[in-house]
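Shown next, in structure tokens, is the structure this report addresses.
In the working numbering, the protein residues as written are 171 to 296.
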């Protein structure tokens with residue numbers, strides 16, 4: 171062929187090789203993390219800790235508020251309500267994390283542009 175086409179082909183091969191050496195290993199690692207279960211497991215573990223810490227803080231604040239008024243805290247009813255709230259908070263947090271992980275995996279499978287397409291308003295449909 172010609173010299174320009176050979177030069178262009180050589181540049182393209184060099185760019186592709188550079189991409190494979192520098193960017194592909196990192197991309198592969200990120201894809202494995204995003205599509206694997208390890209990230210989800212870590213997030214679920216943090217959700218347990220966060221909800222327990224949040225509810226413990228709320229109980230402490232309520233106890234302090236009741237003590238200011240000099241009223242005793244009804245332990246049995248309070249413990250029952252706290253147990254129900256704790257279970258609901260745990261379930262809600264974990265379900266939200268699982269749904270986000272599922273959405274992230276679908277976005278990876280479909281090219282990741284679905285979020286952008288959903289944000290674009292065509293035809294003034296607000």
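Even glycine gets a Cβ: it sits at the ideal position worked out from N, Cα and C.
Limits of the unbroken alpha helix (DSSP H) element including residue 241: Counting along the chain, residue 241 falls outside any alpha helix (DSSP H), and DSSP gives it neither H nor E.
Distance between beta carbons of residue 263 and residue 217, contact taken as under 8 Å: 4 Å
Between the C-alpha atoms of residue 235 and residue 227, what's the straight-line distance to the nearest angstrom? 12 Å
Under 8 Å Cβ to Cβ from residue 219, same chain only, skipping five residues before and after it: list those, please. none
Output the boundary residues of the alpha helix (DSSP H) element that contains residue 178. 173-192
Can you tell me the Cα-Cα spacing of residue 238 and residue 260, whole angstroms? 30 Å
Do residue 225 and residue 255 have their beta-carbon atoms positioned less than 8 Å apart in this structure? yes
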